[in-house]
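S.K.: Structure below; questions to follow.
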Amino acid sequence: DGGITQSPKYLFRKEGQNVTLSCEQNLNHDAMYWYRQDPGQGLRLIYYSQIVNDFQKGDIAEGYSVSREKKESFPLTVTSAQKNPTAFYLCASSALAGGGGELFFGEGSRLTVL
Amino acid sequence: GQQVMQIPQYQHVQEGEDFTTYCNSSTTLSNIQWYKQRPGGHPVFLIQLVKSGEVKKQKRLTFQFGEAKKNSSLHITATQTTDVGTYFCAGRNTDKLIFGTGTRLQVFP
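Chains C and F, in that order, give the protein sequences. Numbers 1 to 114, taken from my numbering, label the letters of the first sequence in order. Numbers 1 to 109, taken from my numbering, label the letters of the second sequence in order.
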């Protein structure tokens, strides 16, 4: 089936550790996005990529890093510099880069810092 | 930066009552999208509006895009328990989609 796969679904991390969240899509979409969702709040954009080997910062990029070496993959690293990393992380893709396309979301990764 | 606000934050209704959520942007939008997120789930696309003053219907759901393309609304007629969830608008300005704060709908049978 076509779609977006995020892993792991749940992740626990000790303070000071970097963690990488995986996001893979087989929809052949050009654009991919990472959003963060805190309890009872909306989605905030972390990073987005419209084409392979290129990505842009969103509204809350500090403490995060990404790469886009392959069209189907857009991993997110939560670094130790992120002051409050406990959150629900959502990866999405869209067929149209630069606007206009609907977003298809993965099921999310819930990160808890102990 | 661009901000998209939604009101109300929460809404509890009796099954059969109507429900409306409003979305307001600080800047003019090229288009607006609406998503629904069920409890414990991920957002699912509902619809996109592009034209000024556009109105679209999906069964009991009616979506409107304001004349100035800075606001939008979602109206649900005769709510059902299956409508429970959080409804988000998302406005596009340049190449970014900015999500609203969401309205959480609870429907009591």
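For every residue, glycine included, the Cβ atom is placed at its ideal position computed from N, Cα and C. Values in this document were obtained by computation on a predicted structure and should not be read as measured data.
Give me the Cβ distance between Gly85/F and Lys36/F, rounded to the nearest whole Å; I'm assuming they're in contact under 8 Å.
M.R.: Yes, they are in contact, since the Cβ atoms of Gly85/F and Lys36/F sit about 5 Å apart, within 8 Å.
S.K.: Can you name the start and end residues of the beta strand (DSSP E) that His75/F belongs to?
M.R.: From DSSP, the beta strand (DSSP E) with His75/F extends over 71 to 76.
S.K.: With H, G and I counted as helix, E and B as strand and the rest as coil, what does DSSP make of Thr81/F?
M.R.: If DSSP states are grouped into helix, strand and coil, Thr81/F belongs with the helices.
S.K.: Taking the alpha carbon of Lys96/F as the reference point, which residue from Thr27/F, Ile7/F, Gln9/F has its own alpha carbon closest?
M.R.: Taking only the C-alpha atoms, the option nearest Lys96/F is Thr27/F.
S.K.: With a cut-off of 8 Å, does the C-beta of His42/F fall near any C-beta of chain A?
M.R.: In the structure shown, chain A does not exist; the protein chains are C and F.
S.K.: Any chance the stretch 79 to 94 of chain F sits against the stretch 12 to 29 of chain F, with 3 or more Cβ pairs inside 8 Å?
M.R.: The stretch 79 to 94 of chain F vs the stretch 12 to 29 of chain F: in contact.
S.K.: Do Tyr35/C and Leu90/C come within 8 Å of each other at the CB atom, strictly closer than that value?
M.R.: Result yes, Cβ atoms of Leu90/C and Tyr35/C sit closer than 8 Å.
S.K.: Starting from Val114/F, trace the beta strand (DSSP E) both ways and give me its first and last residue.
M.R.: Here chain F comprises residues numbered 1 to 109, so residue 114/F is not present and cannot be evaluated.
S.K.: What is the residue span of the beta strand (DSSP E) that Gln56/C lies within?
M.R.: Run containing Gln56/C: 54 to 57, per the beta strand (DSSP E) assignment.
S.K.: Output needed for Ser25/F: all residues of its chain with C-beta closer than 6 Å, excluding positions within five of it in sequence on either side, in chain order.
M.R.: Here the set comprises Val4, Lys70, Gly91.
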